[in-house]
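Taking it in order: structure first as structure tokens, then the write-up.
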Amino acid sequence: MKKGLSLKSKVIEDQNISYRIFGEGDIDLVIEMGLGAVAGEWWHIAEQLSKQFAVLLYERGRNISKARSPKNIAEELHALLMKLPCKGKITFLAHSQGGLYAQQFARIYPDMVYGIVFVDPLSANDNTYKSVFLTAKEQKKSGFNKSENFVNMKKLASCHLGPVIKLIMRKAPPFYYYDQFSPEAKKYILDELTKAELHDVALEEYRLAHEEKEICQLKEKGDFPKIPIVLITHESEFEIKEIMEFGQTTKEFAVKVEDLWQSLMQEYLTFSDQSILLRANNSGHYIHLTNFEVIMQALQWIS
1 MKKGLSLKSK VIEDQNISYR IFGEGDIDLV IEMGLGAVAG EWWHIAEQLS KQFAVLLYER
61 GRNISKARSP KNIAEELHAL LMKLPCKGKI TFLAHSQGGL YAQQFARIYP DMVYGIVFVD
121 PLSANDNTYK SVFLTAKEQK KSGFNKSENF VNMKKLASCH LGPVIKLIMR KAPPFYYYDQ
181 FSPEAKKYIL DELTKAELHD VALEEYRLAH EEKEICQLKE KGDFPKIPIV LITHESEFEI
241 KEIMEFGQTT KEFAVKVEDL WQSLMQEYLT FSDQSILLRA NNSGHYIHLT NFEVIMQALQ
301 WIS
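At position 8 of the sequence shown the residue is numbered 8 (UniProt numbering), and the sequence of numbers has no breaks.
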């Protein structure tokens, strides 16, 4: 078995958290994955990054008896790091909804964070889409609300329809964007996606990432630590084509969706006077799978 395929686990505040450290020495890079993602999606990336960093790749806890709020998730990560070799500052590589958790961690533990690379991050102002796309039909076509997919997957998993889930997911992200996963990684990803608890926790994470009382402080810019930020966003023309294809929308509507998405992400640039924007050419939302070079460019800029 390759080194990246064996996960350890620790119980942190009633959460059984799976993780793996890639590289040697004290952890200096933490990968904060997107909503509903599992470690297999990132194994090959963490292995490449381990040539320059000591990388922590972990899966957030799945016990929803404790609220899956950004604050609780950040505190659980901190407790995990305190049990691992982590004595210096860390840099975050945070994708999608993981961006929200990385910025929450930086606000609570500013002395621990050296910098953050936000990769197509979720904004604390994501609910703005509801005032831009007024009807339920428009909101659904916009793709902003991610909960419906997880509801459907949870139903399939709860009915023990694992083979159906695997059949669907072989043609969906992350496989849609990257088909070079090792056989072990493919199996791990597909097996995890058949577990109802994965989709259950994703729904709770999504709900609380849009609950005003949980995210209001994440909209404030003044109390964000003075750290370097790299914001990596997808290429607009690439994403407009995908919105038109998967949402069956007009180009005019797709442009409206994309303009809002980009404007929300670019709010992160206002959080620090040490911030830069990078665009990932020929990439949609899964930039880490389609344009690894820009990830390395961002990490080198922060370093």
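Even for Gly, the Cβ is constructed at its ideal location relative to N, Cα and C.
Note down the Cα distance separating M296 from W43, rounded to an integer number of angstroms. Here residue 296 refers to the residue found at position 296 of the sequence shown. Here residue 43 refers to the residue found at position 43 of the sequence shown. Distance between M296 and W43, taken at the CA atoms: about 16 Å.
Using 10 angstroms around the beta-carbon of Q300, count the other beta-carbons present and answer buried if the total reaches 16, otherwise exposed. On the sequence shown, residue 300 is found 300 positions in, with the first residue counted as 1. It counts as exposed.
Tell me the residue span of the alpha helix (DSSP H) that contains A46. By 1-based counting over the sequence shown, the position of residue 46 is 46. Here the alpha helix (DSSP H) through A46 covers W43 to L49.
Hey, out of L208, D191 and I108, whose CA is closest to S147's CA? By one-based count along the sequence shown, residue 147 stands at place 147. Cα-wise, what sits closest to S147 is L208.
Between V294, A298 and L260, which has its C-alpha nearest residue 348's C-alpha? Not covered by the structure: residue 348. The range shown for the chain is 1 to 303.
Just the Cα atoms here: how many angstroms apart are L56 and G247? As a working mapping, residue 56 is identified with position 56 in the sequence shown. As a working mapping, residue 247 is identified with position 247 in the sequence shown. Cα to Cα, L56 sits roughly 35 Å from G247.
Per-residue burial, N152 [other beta carbons within 10 Å of its own, 16 or more giving buried]: If you number the sequence shown from 1, residue 152 lands on position 152. So N152 ends up on the exposed side.
Can you tell me which residues form a DSSP beta bridge with L93? The sequence position of residue 93 within the sequence shown is 93, counting from 1. Its beta-bridge partners are I31 and V117.
Does the separation of the CB atoms of A106 and I116 fall below 8 Å? Taking the sequence shown and counting its residues from 1, one reaches residue 106 at position 106. Taking the sequence shown and counting its residues from 1, one reaches residue 116 at position 116. Taking C-beta atoms as the reference points, A106 and I116 count as a pair closer than 8 Å.
Rounded to whole angstroms, what's the CA-CA distance from A196 to F292? Just pull it up for me. Translated into the one-based positions of the sequence shown, residue 196 becomes position 196. Translated into the one-based positions of the sequence shown, residue 292 becomes position 292. Spanning the two alpha carbons is a distance of roughly 31 Å.
Indicate the three-state DSSP secondary structure (helix, strand or coil) for E235 in the structure shown. Position 235 of the sequence shown, counted from the start, is the residue given in the question as residue 235. Note: E235 maps to coil in three-state DSSP.
Would you mind reading off the limits of the beta strand (DSSP E) that contains S158? One-based indexing of the sequence shown puts residue 158 at position 158. Careful: S158 lies outside any beta strand (DSSP E), inside the alpha helix (DSSP H) at S147 to S158.
Roughly how many angstroms separate the alpha carbons of E32 and T250, rounded to a whole number? For this step, residue 32 is matched to residue 32 along the sequence shown. For this step, residue 250 is matched to residue 250 along the sequence shown. Straight-line spacing of the CA atoms in E32 and T250 works out to 34 Å.
For D111, is the classification buried or exposed, using 16 other Cβ atoms within 10 angstroms of its Cβ as the cut-off for buried? Against the sequence shown, residue 111 aligns to sequence position 111. When all chains shown are included, D111 counts as exposed.
beta-carbon R207 near the ligand ATP non-hydrogen atom, thresh 7 Å: This structure does not include the ligand ATP; it has no bound ligands of any sort.
Among Y268, I240 and R60, whose alpha-carbon lies nearest the alpha-carbon of residue 306? The structure shown does not extend to residue 306, since the chain is modelled only from 1 through 303, so no value can be given for it.
Can you tell me whether DSSP reads F253 as helix, strand or coil? Numbered from its first residue, the sequence shown carries residue 253 at position 253. Helix, per DSSP.
Alpha carbon to alpha carbon, how far is E220 from Q104? Residue 220 sits at position 220 when you count from the first residue of the sequence shown. Residue 104 sits at position 104 when you count from the first residue of the sequence shown. C-alpha separation (whole angstroms): 11 Å.
Determine the DSSP secondary structure at K10, reduced to helix, strand or coil. One-based indexing of the sequence shown puts residue 10 at position 10. Strand, per DSSP.
A298, DSSP secondary structure in three states: Working through the sequence shown from its first residue, we reach residue 298 at position 298. Three-state DSSP puts A298 in a helix.
Give the list of continuous alpha helix (DSSP H) stretches no shorter than 4 residues that lie fully inside the segment 201 to 248. Runs found: 212 to 215 and 236 to 247.
When DSSP labels each residue in this structure, what does L278 get in the three-state scheme? As a working note, residue 278 is residue 278 in the sequence shown. The answer is strand: DSSP assigns L278 an E or B state.
Taking C-alpha atoms, which residue in A172, S6, Q139 and G25 lies nearest to L260? Within the sequence shown, the letter at position 260 stands for residue 260. L260 has its Cα closest to that of Q139, out of A172, S6, Q139 and G25.
Helix, strand or coil for I64? Go by DSSP, reduced to three states. Residue mapping note: residue 64 aligns to position 64 of the sequence shown, counting from 1. I64: coil per DSSP, three-state reduction.
Going by C-alpha to C-alpha distance, which of K87, T233, I168 and E47 sits closest to S182? Position 182 of the sequence shown, counting from 1, holds the residue named residue 182. Among K87, T233, I168 and E47, the Cα nearest to that of S182 is on E47.
Using DSSP with H/G/I as helix, E/B as strand and the rest coil, what is S18? As a first step, residue 18 is located in the sequence shown; it is residue number 18 there, counting from the start. S18 sits in a strand when the DSSP states are folded into three classes.
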